[in-house]
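Per my numbering, the very first residue in the sequence shown carries number 344; after that it's consecutive.
Here a beta-carbon is modelled for each residue, glycine too, at the ideal position from N, C-alpha and C.
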Amino acid sequence: MRIPTRKKPEVLSPAGNLRGLKAAVDYGADAVYCGGKAFGMRSAPKNLSLEDFEEGSRYAHERGARVYVTCNVLPRNNEIEAMREYVGQLKDTGVDALIVSDIGVMMMARQVAPNLELHVSTQAGVTNYQAANAFYELGARRVVLAREMDLQAVRDIRANIPDDLDIECFVHGAMCMAFSGRCLFSNYLTGRDGNHGECAQPCRWKYSIVEEKRPGQYFPIEQTKDGAYLFNSQDMNMLGHLDDLIDSGATSLKIEGRAKSAYYIAAMTNAYKTAVNEYMIQRGFESADGTVLKPFHDQVIRPGDPDFGKMDGEDAIMRNADKAFAGVADEGYERVEAVDDSASAPEPDGMSAHARSTRRKSNTAVEIIESDWKHAAVRPALHVELPEWLLEETDKVAHRDYSTGFYYPEHKVTQNTDRSAYFRSWLVVGEVLSWSADEGGRVTLMSRNKIEPGQEVEFLLPGERPLVFTVPEDGLKDAEGLPVPAINNPAHVFSMPCPHQVPVNAAIRSRTKKPMLKAE
């Protein structure tokens with residue numbers, strides 16, 4: 344059994360192992376992408392065996408989700424036959440699609456595994472509709488756009504490709520300093536090939552300079568006495584702007600993080616799935632119970648539409664983005680009063696409307712050579728309002744400073760040159776093993792960190808806001824049922840009173856006493 348392509352926005356989650364795959368599905372992923380033991384772009388995770396793919400596909404399909412396998416390395420000559428054999432093995436595991444970047448691998452996969460969809464990886468660097476259409480003619484049913492694309496580029500591609508060609512866009516996670524992830528930095532410095540999944544991430548390292556005639560004397564470039572992290576980009580976070588991306592034609596919303604924990608995968612999947620559900624409800628595509636009210640469609644105006652080319656002066660997405668960013672102080676932008684449509688309203692970052700418009704344009708010959716090219720516009724729509732608790736979810740996992748990547752040209756990703764560590768203000772303190780109604784309700788858990796009476800914890804619940812719970816003053820027990828004053832031993836089984844029914848495998852988290860910076 345394979346699950347057909349969705350007719351509405353897809354939340355696509357990462358998984359580095361079978362546990363991560365199941366966590367993603369349990370918390371609402373419409374699809375999961377993962378690598379096998381070979382030919383994937385992440386070698387750090389354990390990845391999945393062929394048997395894991397079989398089990399994972401069954402698990403996902405029974406719950407309406409799909410599984411995609413990354414085969415997106417750039418293979419060398421001596422790997423071609425091994426790749427052919429591997430793809431031949433994958434076709435019988437029940438997975439739904441292969442993610443490829445090399446055109447030779449793509450054509451080989453069409454021969455060896457014609458039953459699998461072909462998705463073109465971001466490594467292929469698709470930046471325009473001509474490239475997308477070419478891959479479509481070669482058999483691709485999805486293109487993962489280069490992360491350097493802004494919203495205008497996304498909508499221009501959407502307007503000029505077949506409607507049944509999916510557009511996949513990254514929405515959350517680590518950013519790479521190289522174009523579409525194609526980088527020789529790691530290979531040059533360490534011998535570990537970033538295009539074969541072995542990247543040592545030297546872009547996250549600390550750098551100083553050395554004067555030629557004074558070897559051994561290291562001078563900081565800026566920021567700290569110990570040096571600078573020159574290429575250390577911020578993490579992407581598009582949770583509060585998903586409506587802009589969906590309206591611009593994105594079909595699949597991709598969370599980065601195959602090397603992340605099951606908790607990270609569950610928390611971010613749950614957040615983005617809940618946000619997409621809010622989008623579908625507030626835009627009138629679905630009711631609160633999931634009943635379809637009208638077919639989903641994006642807001643892109645395509646060539647041939649009577650309105651095409653008539654809305655050049657109306658850019659609802661960018662105008663709304665300017666309003667949103669005007670009040671955001673924690674992303675490095677100075678807080679100003681909310682922007683309105685009056686002529687006297689302050690401009691974000693002190694930038695005039697003309698300057699913002701100029702910066703949105705591509706620096707290409709299209710602007711120099713006269714042509715009838717017109718950017719695709721979007722029909723205006725009300726901004727989708729997300730509850731505050733949902734927007735806070737992205738701060739409850741370890742992360743670097745957030746940005747919105749390259750989607751908004753005047754608010755694009757920058758580097759944090761003074762540090763490369765992760766912010767961590769919440770810790771996973773346990774994981775639910777079971778819940779029983781006995782004794783008024785009791786949860787059995789596997790401990791991860793300290794839990795003590797009076798401590799406020801949260802249970803991460805699929806499709807809902809987290810359950811806030813205060814640990815009772817007594818009733819904590821160890822695996823033998825003996826009373827304990829607190830839960831102090833990690834990786835041990837304990838239980839505590841909890842009148843609220845909570846699902847198996849739900850993470851239990853708690854705010855740290857002091858936010859920390861921690862390498863990960």
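8 Å CB neighbourhood of residue i in its chain, flanking five on each side removed
i	result
residue 582	514, 515, 614, 615, 618, 729, 733, 734, 736, 737
residue 835	789, 790, 821, 822
residue 462	411, 440, 441, 442, 443, 483, 484, 485, 486, 487, 509, 511
residue 833	790, 791, 792
residue 578	515, 516, 517, 518, 742, 743, 744, 745, 746
residue 346	403, 404, 407, 408, 409, 439
residue 350	638, 639
residue 627	636, 637
residue 625	725, 727, 728
residue 452	414, 430, 441, 443, 459, 461
According to DSSP, residues forming a beta bridge with residue i
i	result
residue 353	595
residue 742	766
residue 788	775, 837
residue 375	356, 410
residue 579	516, 746
residue 865	In the structure as shown, the chain begins at 344 and stops at 863. Residue 865 is therefore absent and cannot be evaluated.
residue 729	Its beta-bridge partners do not exist; DSSP assigns none.
residue 462	442, 485
residue 396	Note: residue 396 sits in no beta bridge, so no partner.
Residues near residue i by beta carbon distance below 6 Å, same chain, minus five either side
i	result
residue 502	643, 645, 719
residue 605	362, 363, 366
residue 438	396, 400, 410, 412
residue 493	749, 750, 752
residue 844	778
residue 799	813
Reduced DSSP secondary structure (H/G/I, E/B, other) of residue i
i	result
residue 827	coil
residue 585	helix
residue 478	helix
residue 855	strand
residue 639	coil
residue 442	strand
residue 420	helix
residue 897	The structure shown has nothing for residue 897, since the chain only spans 344 to 863.
residue 485	strand
residue 590	helix
residue 624	helix
residue 871	The chain is shown from 344 up to 863; residue 871 falls before or after that span and cannot be answered.
residue 718	coil
residue 506	coil
residue 603	coil
residue 799	strand
residue 794	strand
Closest residue to residue i among the options (Cα-Cα distance)
i	options	result
residue 432	420, 406, 417, 459	459
residue 374	393, 413, 381	413
residue 469	598, 777, 356, 497	497
residue 838	794, 601, 511	794
residue 430	379, 476, 560	379
residue 599	492, 824, 359	359
residue 653	637, 591, 721, 840	721
residue 859	356, 587, 764	764
residue 726	799, 623, 805	623
residue 490	576, 785, 818, 805	576
residue 731	634, 464, 809, 782	809
residue 857	451, 767, 843, 787	767
residue 504	493, 445, 479, 494	479
residue 591	751, 389, 815	751
residue 778	848, 754, 800	848
residue 417	446, 390, 389	446
residue 467	632, 584, 448	448
Exposure of residue i, with buried meaning 16 or more beta-carbon neighbours within 10 Å
i	result
residue 831	exposed
residue 436	buried
residue 695	For residue 695, the pLDDT reaches just 39, beneath the cut-off of 50, and the residue's location in the model is therefore unreliable, leaving the point undetermined.
residue 394	exposed
residue 353	buried
residue 594	buried
residue 507	exposed
residue 415	buried
residue 716	exposed
residue 553	exposed
residue 780	exposed
Cβ of residue i within 7 Å of any chain C Cβ
i	result
residue 652	Among the protein chains of the structure shown there is no chain C, as only one such chain exists.
Cβ-heavy atom distance, residue i to the ligand ZN, below 6 Å
i	result
residue 630	Annotation note on the ligand ZN: not contained in the displayed structure, which lists no ligands.
Contacting residues, own chain, Cβ-Cβ under 7 Å from residue i (five flanking each side not counted)
i	result
residue 770	792, 852, 853, 855
residue 472	499, 500, 503, 504
residue 376	355, 357, 411, 413, 442
residue 773	788, 789, 790, 791, 794, 851
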